[in-house]
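Numbering-wise (this note's numbering), the sequence shown opens with residue 950 and increments by one. Here is the structure we will look at.
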Amino acid sequence: MEGVYPLCNFLQKGTLRIFGDWKVTGAENVPPTGPLVIVANHMSNMDPSLLAVSISRRIRFLAKDGLFKLRVAEWFLRSYGAFPVNREGVDVSAYRWTLDQIKSGGVIVLFPEGTRNHGRLIQAKSGVANLVMRTKAPILPVGITGTERLGSIFRVLNPTGRIRVNIGEPFSLPDNEGKPGKDVMESMMTMVMHKITDLLPEEYHGVYTRASD
């Protein structure tokens, strides 16, 4: 049901404006059309819905398969734009779904860390670089602050505090001939994560803190 997405976004904007101090910067950096991969730091279950109301385009995202066990939850999540992923190994169906969304000109949100952090960036997974290199889609980095105190999904109803969404400029990964090795993939992911750290205060940088920080 396509109506679920705009309805939820309408309600989410309302709660953010009533209870929180929510501000978005860099909204003009979002390409109006074409395939797009959004990469962001991840601290709360609320992050996907926060990005949905902060980004001007319809987004879709992966969510851990455990959230889809109840039929009602599965219906809601899929209607909102989520697809289940098994984080314990390589999930081929989730990978193919993501590729299909990008190739059809859609917008996918990926959290490179693969799970929530506690206010400081943790080591990213290589899957994001692999996906983007396969599709050659532009990447839009986003830095989120303030949601580390909003752990529970139910906090979407009461998102208090100072919440900031800082949207950077789109960029592309360098072209590579043939299948990239482990070193190349790690270098690509470091580049992606540094684009995110550039949009975050120093105290959020975690393992991606640079000597100049």
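Cβ coordinates follow ideal geometry from the N, Cα and C atoms, glycine included.
With contacts defined by Cβ atoms closer than 7 Å, Ile1008 and Val979 do not form a contacting pair. Pairing Val973 with Val1114 gives a Cβ-Cβ distance under 7 Å.
Only exposed fits Trp1024, as fewer than 16 other CB atoms lie within 10 angstroms of its CB. Under the 10 Å beta carbon count, Ile967 is surrounded by fewer than 16 other beta carbons and is classified as exposed. Lys1052 and Gly952 have their C-alpha atoms some 24 Å from each other. Judged by DSSP secondary structure, Ile1008 falls outside any alpha helix (DSSP H) and instead within the beta strand (DSSP E) spanning 1008–1013.
Less than 7 Å separates the beta-carbon of Ala1012 from that of Ala1031. Its chain contains Ile987, Leu1000, Ile1008, Phe1010 as the residues whose beta carbon lies nearer than 6 Å to that of Val1058, once the 5 sequence neighbours on both sides are disregarded; these appear in chain order.
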